[in-house]
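What follows is a set of notes on a single structure, which appears directly below.
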Amino acid sequence: DTNALHDPLTPRNEALPFGFRLRRVVARIDSVSPVSVMAASRRAVRLLRRLRGQPAVSEHPEEERQLPTHRAIHSESLRLLESVDQEREVQRRRLLFARCLSAAQRNDIDTPTPLLHEGVSPQGFAYFADTGNLAAFAKLVRRERLGEVITWPALSARSPLPTTSRLRTLHLVNFLA
Numbered sequence: 087d088t089n090a091l092h093d094p095l096t097p098r099n100e101a102l103p104f105g106f107r108l109r110r111v112v113a114r115i116d117s118v119s120p121v122s123v124m125a126a127s128r129r130a131v132r133l134l135r136r137l138r139g140q141p142a143v144s145e146h147p148e149e150e151r152q153l154p155t156h157r158a159i160h161s162e163s164l165r166l167l168e169s170v171d172q173e174r175e176v177q178r179r180r181l182l183f184a185r186c187l188s189a190a191q192r193n194d195i196d197t198p199t200p201l202l203h204e205g206v207s208p209q210g211f212a213y214f215a216d217t218g219n220l221a222a223f224a225k226l227v228r229r230e231r232l233g234e235v236i237t238w239p240a241l242s243a244r245s246p247l248p249t250t251s252r253l254r255t256l257h258l259v260n261f262l263a
């Protein structure tokens, strides 16, 4: 019966994993602290993984190619979503995008998205890491807390893109971190 697919689902209430709860606490600390504990902890984990001979980021192909086993949202996620002022969040993201674009232009860094259309709420600011003064740009992003710079270290192994493709240098300032 396909009608059942459209019925509202009861939110899940099982206990959240320890890692999720820990990241939430660290994110709260980050929001009030001048030091980014989350970024430092991610760097430490990635360094430890490299020292052990593992990829910097744990690759789980199933996370990219399989739908979650639970269709229903977790009650904690639902509470977080309900607490977000959507209009203010769109304004916050658009302002961060404008600030990143300005910093990228000052540092001669190319972006595939030099403008936002009306109503677009970006999740981040994409830029090519093969141009401009990347060190100055990254420093400004950290200092002004514009977001977290994300690279895709697993792209080489998982993508059919040619090794010479410029898309392999694409990085993102994540506004949702």
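Quick note, the sequence shown lines up with residues 87 to 263 if you use my numbering.
For each residue, glycine too, the CB sits at the ideal point set by N, CA and C.
(Q) Within 9 Å of any Cβ in chain B, is that where the Cβ of leucine 134 sits? (A) Absent here is chain B; the protein component of the structure consists of one chain.
Q) To the nearest whole angstrom, what separates the beta carbons of leucine 220 and isoleucine 195, a pair I think is in contact under 8 Å? A) For this step, residue 220 is matched to residue 134 along the sequence shown. For this step, residue 195 is matched to residue 109 along the sequence shown. About 7 Å separates the two Cβ atoms, so the contact holds.
(Q) If I measure Cβ to Cβ from arginine 98 and keep anything under 8 Å in the same chain, skipping five residues before and after, which residues do I get? (A) Looking up residue 98 in the sequence shown gives position 12. Closer than 8 Å at the Cβ level, and outside the excluded window around arginine 98, lie His156, Ala158, Ile159, His160, Ser161.
Q: Pick out whichever of Ala189, Phe211, Val227 has its Cα sitting closest to the Cα of proline 198.
A: The residue labelled residue 198 in the question sits at position 112 within the sequence shown. Nearest of Ala189, Phe211, Val227 to proline 198, Cα basis: Phe211.
Q: Give me the Cβ distance between valine 123 and valine 112, rounded to the nearest whole Å; I'm assuming they're in contact under 8 Å.
A: To locate residue 123, count along the sequence shown from 1; it is residue 37. To locate residue 112, count along the sequence shown from 1; it is residue 26. So it is a contact: roughly 5 Å between Cβ atoms.
Q: Quick one: which unbroken alpha helix (DSSP H) runs of 4-plus residues sit fully inside the stretch 204-242? Chain order, please.
A: 220-229
Q) Got a sec, what are the start and stop residues for the alpha helix (DSSP H) leucine 134 sits in? A) Position 48 of the sequence shown, counted from the start, is the residue given in the question as residue 134. Taken as a continuous stretch (DSSP letters only), the alpha helix (DSSP H) holding leucine 134 covers 123-137.
Q.
So, under 8 Å CB-CB, leucine 256 and phenylalanine 214 are touching, yes? Tell me the CB distance rounded to an integer number of Å.
A. For the purposes of this step, residue 256 is identified with residue 170 of the sequence shown, where counting begins at 1. For the purposes of this step, residue 214 is identified with residue 128 of the sequence shown, where counting begins at 1. Yes, they are in contact, since the Cβ atoms of leucine 256 and phenylalanine 214 sit about 6 Å apart, within 8 Å.
Q. Relative to the alpha-carbon of alanine 125, which residue among Leu232, Gly205, Leu247, Cys186 has its alpha-carbon at the smallest distance?
A. Looking up residue 125 in the sequence shown gives position 39. Closest by alpha carbon: Leu232.
Q: Taking the CB atoms as reference points, tell me whether glutamate 230 and arginine 128 lie closer together than 9 Å.
A: One-based indexing of the sequence shown puts residue 230 at position 144. One-based indexing of the sequence shown puts residue 128 at position 42. The answer is no: Cβ separation not under 9 Å.
**Q.** Limits of the unbroken alpha helix (DSSP H) element including valine 112
**A.** The residue given as residue 112 occupies position 26 in the sequence shown. First-last of the alpha helix (DSSP H) with valine 112: 104-118.
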